[in-house]
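Heads up, the sequence shown is in the working numbering, so the first residue is 81 and it goes up one at a time. Glycine residues also receive a C-beta, built at the ideal position from the N, C-alpha and C atoms. Heads up: the structure comes next, in C-alpha coordinates.
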Amino acid sequence: MSSHPNRLDVKVEQLRALYTQFQTLLDEKVALHLPEEQDAVKREVLVQLQKYLVESFEMVSGSLHVVNGAAGASLRDLIEQSRNQFVEPFDLELNEQVRQKYQEWEDETVKVAQLRCDVPKRVGQGYQESMRDALREADATIDSVSQPVLDASSDIDEEDANTALGGPQDRQALLADYRESLIRIRDAQQLLPASKARLRKIQSLVMYLESETDQSDSI
81 MSSHPNRLDV KVEQLRALYT QFQTLLDEKV ALHLPEEQDA VKREVLVQLQ
131 KYLVESFEMV SGSLHVVNGA AGASLRDLIE QSRNQFVEPF DLELNEQVRQ
181 KYQEWEDETV KVAQLRCDVP KRVGQGYQES MRDALREADA TIDSVSQPVL
231 DASSDIDEED ANTALGGPQD RQALLADYRE SLIRIRDAQQ LLPASKARLR
281 KIQSLVMYLE SETDQSDSI
(Lines of atoms letter the chains of each structure in order from A and count residues from 1; the text may use other names and numbers.)
(Lines give C-alpha, C1' and ligand atoms only; values in the text may rest on other atoms or scores of the structure.)
Protein backbone atom coordinates (compact mmCIF):
# COMPACT_ATOMS: atom_id res chain seq x y z
CA MET A 1 0.00 0.00 0.00
CA SER A 2 1.31 3.45 -0.87
CA SER A 3 2.62 5.63 1.93
CA HIS A 4 1.32 8.64 -0.05
CA PRO A 5 -2.41 7.99 -0.61
CA ASN A 6 -2.91 11.24 -2.54
CA ARG A 7 -0.10 10.51 -5.01
CA LEU A 8 0.45 8.04 -7.80
CA ASP A 9 3.34 5.64 -7.19
CA VAL A 10 5.75 5.42 -10.12
CA LYS A 11 9.25 4.13 -10.59
CA VAL A 12 12.14 6.12 -12.03
CA GLU A 13 12.25 3.75 -14.99
CA GLN A 14 8.57 4.35 -15.71
CA LEU A 15 9.02 8.09 -15.42
CA ARG A 16 11.97 8.08 -17.80
CA ALA A 17 10.17 5.83 -20.27
CA LEU A 18 7.17 8.17 -20.27
CA TYR A 19 9.40 11.19 -20.83
CA THR A 20 11.21 9.40 -23.66
CA GLN A 21 7.93 8.60 -25.39
CA PHE A 22 6.75 12.22 -25.24
CA GLN A 23 10.11 13.58 -26.41
CA THR A 24 10.31 11.10 -29.28
CA LEU A 25 6.82 12.10 -30.40
CA LEU A 26 7.78 15.80 -30.33
CA ASP A 27 10.95 15.11 -32.32
CA GLU A 28 8.94 13.29 -34.98
CA LYS A 29 6.50 16.21 -35.23
CA VAL A 30 9.37 18.68 -35.66
CA ALA A 31 10.98 16.51 -38.35
CA LEU A 32 7.61 16.31 -40.13
CA HIS A 33 6.78 20.02 -40.08
CA LEU A 34 10.33 21.41 -40.39
CA PRO A 35 12.02 18.94 -42.76
CA GLU A 36 14.11 21.52 -44.62
CA GLU A 37 14.58 24.08 -41.88
CA GLN A 38 18.07 25.27 -40.98
CA ASP A 39 19.82 23.39 -38.19
CA ALA A 40 19.92 26.45 -35.93
CA VAL A 41 16.17 27.01 -36.21
CA LYS A 42 15.29 23.34 -35.77
CA ARG A 43 17.65 23.11 -32.81
CA GLU A 44 15.99 26.12 -31.19
CA VAL A 45 12.54 24.56 -31.63
CA LEU A 46 13.69 21.25 -30.14
CA VAL A 47 15.29 22.94 -27.15
CA GLN A 48 12.18 25.00 -26.43
CA LEU A 49 9.96 21.92 -26.70
CA GLN A 50 12.23 20.01 -24.36
CA LYS A 51 12.09 22.83 -21.81
CA TYR A 52 8.30 22.88 -22.12
CA LEU A 53 8.12 19.10 -21.62
CA VAL A 54 10.32 19.21 -18.51
CA GLU A 55 8.25 22.06 -17.06
CA SER A 56 5.09 20.03 -17.72
CA PHE A 57 6.52 17.08 -15.80
CA GLU A 58 7.49 19.36 -12.94
CA MET A 59 3.94 20.77 -12.80
CA VAL A 60 2.54 17.29 -11.99
CA SER A 61 5.36 16.32 -9.64
CA GLY A 62 3.11 17.03 -6.66
CA SER A 63 0.79 14.24 -7.77
CA LEU A 64 3.55 11.64 -8.20
CA HIS A 65 5.56 9.58 -5.73
CA VAL A 66 8.74 8.11 -7.18
CA VAL A 67 9.18 5.00 -5.07
CA ASN A 68 12.80 4.30 -5.96
CA GLY A 69 13.96 7.88 -6.46
CA ALA A 70 16.94 9.31 -4.60
CA ALA A 71 16.05 11.29 -1.50
CA GLY A 72 15.74 14.99 -2.22
CA ALA A 73 16.08 14.52 -5.98
CA SER A 74 13.80 16.66 -8.12
CA LEU A 75 11.78 15.35 -11.01
CA ARG A 76 14.12 17.16 -13.39
CA ASP A 77 17.09 15.31 -11.89
CA LEU A 78 15.35 11.95 -12.19
CA ILE A 79 14.65 12.33 -15.89
CA GLU A 80 18.05 13.87 -16.65
CA GLN A 81 19.34 10.61 -18.11
CA SER A 82 16.47 10.49 -20.60
CA ARG A 83 16.92 14.16 -21.49
CA ASN A 84 20.56 13.55 -22.35
CA GLN A 85 19.49 11.08 -25.03
CA PHE A 86 18.03 13.96 -27.03
CA VAL A 87 20.13 17.03 -26.20
CA GLU A 88 23.60 17.11 -24.72
CA PRO A 89 23.85 18.82 -21.31
CA PHE A 90 25.68 21.90 -22.61
CA ASP A 91 23.13 22.58 -25.33
CA LEU A 92 20.75 24.56 -23.13
CA GLU A 93 23.49 26.89 -21.97
CA LEU A 94 24.83 27.24 -25.50
CA ASN A 95 21.34 27.92 -26.79
CA GLU A 96 20.89 30.72 -24.26
CA GLN A 97 24.14 32.31 -25.40
CA VAL A 98 23.05 32.07 -29.03
CA ARG A 99 19.68 33.57 -28.15
CA GLN A 100 21.36 36.52 -26.43
CA LYS A 101 23.61 37.10 -29.45
CA TYR A 102 20.61 37.03 -31.76
CA GLN A 103 18.86 39.55 -29.52
CA GLU A 104 21.91 41.84 -29.59
CA TRP A 105 22.05 41.53 -33.37
CA GLU A 106 18.36 42.42 -33.67
CA ASP A 107 18.83 45.44 -31.39
CA GLU A 108 21.73 46.70 -33.49
CA THR A 109 19.72 46.13 -36.67
CA VAL A 110 16.92 48.28 -35.28
CA LYS A 111 19.42 51.03 -34.39
CA VAL A 112 20.92 50.98 -37.90
CA ALA A 113 17.47 51.12 -39.48
CA GLN A 114 16.54 54.06 -37.24
CA LEU A 115 19.75 55.90 -38.18
CA ARG A 116 19.11 55.31 -41.88
CA CYS A 117 15.71 56.90 -41.41
CA ASP A 118 16.81 59.80 -39.18
CA VAL A 119 20.12 60.88 -40.74
CA PRO A 120 18.69 61.94 -44.15
CA LYS A 121 15.97 63.88 -42.33
CA ARG A 122 18.52 65.67 -40.15
CA VAL A 123 20.74 66.46 -43.12
CA GLY A 124 17.72 67.68 -45.06
CA GLN A 125 16.74 69.95 -42.19
CA GLY A 126 20.30 71.26 -42.04
CA TYR A 127 20.20 71.86 -45.79
CA GLN A 128 16.98 73.85 -45.50
CA GLU A 129 18.33 75.88 -42.59
CA SER A 130 21.59 76.61 -44.44
CA MET A 131 19.63 77.70 -47.50
CA ARG A 132 17.47 80.02 -45.41
CA ASP A 133 20.57 81.46 -43.71
CA ALA A 134 22.22 82.10 -47.07
CA LEU A 135 19.09 83.81 -48.38
CA ARG A 136 18.87 85.95 -45.26
CA GLU A 137 22.52 86.96 -45.65
CA ALA A 138 21.94 87.85 -49.30
CA ASP A 139 18.79 89.83 -48.45
CA ALA A 140 20.60 91.67 -45.67
CA THR A 141 23.47 92.57 -48.00
CA ILE A 142 21.10 93.79 -50.70
CA ASP A 143 19.11 95.81 -48.17
CA SER A 144 22.28 97.40 -46.81
CA VAL A 145 23.22 98.42 -50.35
CA SER A 146 19.80 99.65 -51.40
CA GLN A 147 18.74 101.52 -48.27
CA PRO A 148 21.35 104.37 -48.39
CA VAL A 149 20.46 105.03 -52.02
CA LEU A 150 16.73 105.05 -51.21
CA ASP A 151 17.30 107.34 -48.24
CA ALA A 152 19.36 109.72 -50.33
CA SER A 153 16.77 109.70 -53.09
CA SER A 154 13.92 110.43 -50.69
CA ASP A 155 15.73 113.45 -49.30
CA ILE A 156 16.08 115.07 -52.73
CA ASP A 157 13.07 116.72 -54.33
CA GLU A 158 12.92 117.21 -58.05
CA GLU A 159 12.98 120.98 -57.60
CA ASP A 160 16.04 120.90 -55.33
CA ALA A 161 17.97 118.22 -57.24
CA ASN A 162 20.27 120.64 -59.01
CA THR A 163 20.87 122.60 -55.82
CA ALA A 164 21.55 119.44 -53.76
CA LEU A 165 24.07 118.17 -56.29
CA GLY A 166 25.62 121.54 -56.89
CA GLY A 167 27.81 121.76 -53.77
CA PRO A 168 31.24 120.09 -53.78
CA GLN A 169 30.69 118.54 -50.36
CA ASP A 170 27.38 117.08 -51.45
CA ARG A 171 28.96 115.61 -54.55
CA GLN A 172 31.80 114.10 -52.51
CA ALA A 173 29.33 112.56 -50.06
CA LEU A 174 27.28 111.14 -52.90
CA LEU A 175 30.40 109.68 -54.52
CA ALA A 176 31.44 108.15 -51.20
CA ASP A 177 28.02 106.54 -50.83
CA TYR A 178 28.27 105.30 -54.39
CA ARG A 179 31.72 103.77 -53.79
CA GLU A 180 30.49 102.14 -50.57
CA SER A 181 27.52 100.72 -52.44
CA LEU A 182 29.83 99.27 -55.09
CA ILE A 183 31.97 97.66 -52.38
CA ARG A 184 28.91 96.10 -50.76
CA ILE A 185 27.69 94.82 -54.11
CA ARG A 186 31.10 93.26 -54.69
CA ASP A 187 30.98 91.63 -51.25
CA ALA A 188 27.50 90.30 -51.99
CA GLN A 189 28.70 88.87 -55.30
CA GLN A 190 31.58 87.13 -53.51
CA LEU A 191 29.28 85.80 -50.77
CA LEU A 192 26.66 84.27 -53.04
CA PRO A 193 28.95 81.78 -54.90
CA ALA A 194 30.34 80.47 -51.62
CA SER A 195 26.83 80.04 -50.24
CA LYS A 196 25.69 78.31 -53.41
CA ALA A 197 28.68 75.96 -53.29
CA ARG A 198 27.95 75.08 -49.69
CA LEU A 199 24.30 74.41 -50.52
CA ARG A 200 25.30 72.22 -53.48
CA LYS A 201 27.55 70.13 -51.22
CA ILE A 202 24.78 69.65 -48.69
CA GLN A 203 22.30 68.82 -51.44
CA SER A 204 24.71 66.22 -52.89
CA LEU A 205 25.07 64.66 -49.44
CA VAL A 206 21.29 64.45 -49.06
CA MET A 207 20.93 62.80 -52.47
CA TYR A 208 23.67 60.29 -51.62
CA LEU A 209 22.08 59.36 -48.29
CA GLU A 210 18.67 59.00 -49.92
CA SER A 211 20.12 56.69 -52.60
CA GLU A 212 21.85 54.59 -49.93
CA THR A 213 18.60 54.34 -47.99
CA ASP A 214 16.69 53.27 -51.11
CA GLN A 215 19.29 50.59 -51.89
CA SER A 216 19.20 49.22 -48.33
CA ASP A 217 15.39 49.10 -48.39
CA SER A 218 15.41 47.16 -51.66
CA ILE A 219 17.74 44.47 -50.25
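Under the three-state DSSP convention, the category residue i falls into
| i | result |
| --- | --- |
| Leu114 | coil |
| Val140 | coil |
| Val147 | coil |
| Ala153 | coil |
| Ile159 | coil |
| Trp185 | helix |
Residue i, enclosing beta strand (DSSP E) - first and last residue
| i | result |
| --- | --- |
| Val90 | Leu88 to Val90 |
Contact set for residue i: own chain, Cβ-Cβ below 7 Å, skip 5 residues either direction
| i | result |
| --- | --- |
| Val125 | Val110 and Leu114 |
| Leu95 | Val146, Leu158 and Ile159 |
Cβ-Cβ distance between residue i and residue j below 9 Å
| i | j | result |
| --- | --- | --- |
| Ala289 | Pro200 | According to the sequence as given, residue 289 is Leu; it is not Ala. Going by C-beta atoms, Leu289 is nearer than 9 Å to Pro200. |
| Phe137 | Leu112 | no |
| Gly149 | Val92 | yes |
| Ser210 | Ile263 | no |
| Gln130 | Gln101 | no |
So, do the segment 87 to 97 and the segment 126 to 144 have three or more beta carbon pairs nearer to each other than 8 Å? Yes, they touch.
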